[in-house]
Structures are given as structure tokens and as C-alpha cells.
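Student: According to mature numbering (1 follows the signal peptide of the UniProt record, and there is no 0), the stretch in the sequence shown is residues -16 to -1, 1 to 128, in order. Built from N, CA and C at the ideal position, the CB exists for glycine as well. In this text the structure is predicted, and so the values were computed from the model without any measurement. Could you have a look at this structure, given as C-alpha cells, before my questions?
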Amino acid sequence: MRHLILSLTIFSTCIAIVNSCAATSGTTSPVTVAPVTPTGCNSCTADLIGIKTGADGDFPPTSVIGTVNGCRTITYTCQRTPPVATDVVQITYYSDSRTDPASIENGVGVVQALSTASAVIDCVDGHWEKDTIEINDIECQIIT
């Protein structure tokens, strides 16, 4: 009889422990997470790029901020108004991160075309870049 009481006690304890681990609610609601666009590539503003002026042929460019793959871009367009088909138009990029004399005087990149020159600069980690070089200033020149 002692064995029967002891067996029933152990059995009852096991059931109590197992029941305390059982699920008490049927289902949980799914959690919806909105896609996140990296903030480092959409935080750039046009005022981060200065416009160089004062040299012969300098002309103010137009700029348009757009978005590609969730990241900001800025497109600079340089042309005379109205456009002249024979004008050689040049956009020069300058970077404060380049300290060699040639880059300071001549810039770190150039786009040249007839009549109209355009260049797209990408926002990367909160600053503007062209060909992996941080761009701080641009210059638009009409060369006749």
C-alpha cells in the first residue's frame, strides 16, 4: 500500500510540473517590420557641395536631387541658356580630402561635353561621392 501511495504522489507531482510548462495561449500575432533605408545614404543635402566661381567662363549649374535604390543622388547640369551646340562645357569636381597641389588646383575629376555636361554624384555615409572620392565643390565652365 505504501508503494501505491508513493507512486500516486510521484505521478501527481509529475503531472503538475508538466502542466505548468504547457502553452496557455493559442497563437501570437505576427510582427511586421517595415523596410529600413540606410540613413547614411539619404541624409545628404545640396548645400554640402559648394559652387566655385570667379574663373573665366564660370557659369552656375543647375542641380536636381533624386533617389536611386533608396539613396540620394544629385545631378548637376551645366549649359548656357539657350544652349549653344558648339560650346565645350566642363564640370570639375573638388575634394577637401585631397591635399596634393594638382588636386587642389585642377580638381579630382572632370566631365566635358559639347553644349551640355551632366554629372551624377551619390550620397554615401552622409557625404557626396563621385568615383569613391568625397566631393565638396564643383565648378561649371563654358569654354568657347
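1) Under a three-way DSSP split, which group does Ala101 fall into?
2) Determine which residues share a DSSP beta bridge with Ile75 and list them.
3) Alpha carbon to alpha carbon, how far is Asp84 from Val48? Give it in angstroms, no decimals.
4) Counting beta carbon pairs with one atom in the segment 38 to 56 and one in the segment 92 to 100, are three or more of them shorter than 8 Å?
5) Give the DSSP-derived three-state secondary structure of Glu118 in the structure shown.
6) Got a sec? Which residues, its chain only, sit under 6 Å from Ser81 by beta carbon, not counting five neighbours each side?
Tutor: Looking at the coordinates:
1) The DSSP-derived three-state label of Ala101 is strand.
2) Answer by DSSP bridge pairing, in chain order: Val95, Cys124.
3) 30 Å
4) no
5) Glu118: strand per DSSP, three-state reduction.
6) Glu118
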